[in-house]
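In this note's numbering, the protein residues as written are 69 to 145.
Structure below.
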């Protein structure tokens with residue numbers, strides 16, 4: 069039986085309106101995900117589409133998201 073890698077995922081919202089995805093191995097230092105669409109993205113719709121794709125890819129590669137935190141707040145105006 070293989071064990072999956074566990075990561076934590078966080079969405080950071082900057083007051084400028086930009087969203088950035090961060091990931092870390094459990095208990096380690098956060099790192100920005102600098103993939104296109106996931107770093108400093110000012111379009112919430114495209115950002116969250118890219119987040120969904122990344123999470124799906126993690127699921128396919130035996131990576132488990134142990135926690136997900138979104139500091140984006142209420143982005144609907």
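The C-beta atom is built at its ideal place from N, Cα and C for all residues, glycine as well.
Since the structure is predicted, the reported quantities are computational estimates derived from the model, not experimental observations.
Taking only three categories from DSSP, how would you classify residue i?
i	result
residue 72	coil
residue 104	coil
If you draw a straight line from the C-alpha of residue i to the C-alpha of residue j, how long is it?
i	j	result
residue 84	residue 101	18 Å
residue 145	residue 90	Reliability fails at residue 145, whose pLDDT of 49 lies under 50, so the model's placement of it is uncertain and the value that follows must be treated cautiously. Distance between the alpha carbons of residue 145 and residue 90: 24 Å.
residue 69	residue 130	With a pLDDT of 49 at residue 69, under the threshold of 50, the predicted position of this residue should be treated as unreliable, and no value is reported.
residue 118	residue 105	6 Å
residue 115	residue 127	19 Å
residue 138	residue 121	16 Å
residue 109	residue 86	5 Å
residue 140	residue 107	14 Å
Would residue i pass as a contact of residue j if the rule is Cβ separation under 8 Å?
i	j	result
residue 94	residue 133	no
residue 88	residue 80	yes
residue 103	residue 92	no
Which residue marks the beginning of the alpha helix (DSSP H) containing residue i, and which one marks its end?
i	result
residue 125	112-128
Go to residue i, then tell me how far its beta strand (DSSP E) extends in each direction, as first and last residue.
i	result
residue 91	87-93
residue 134	131-138
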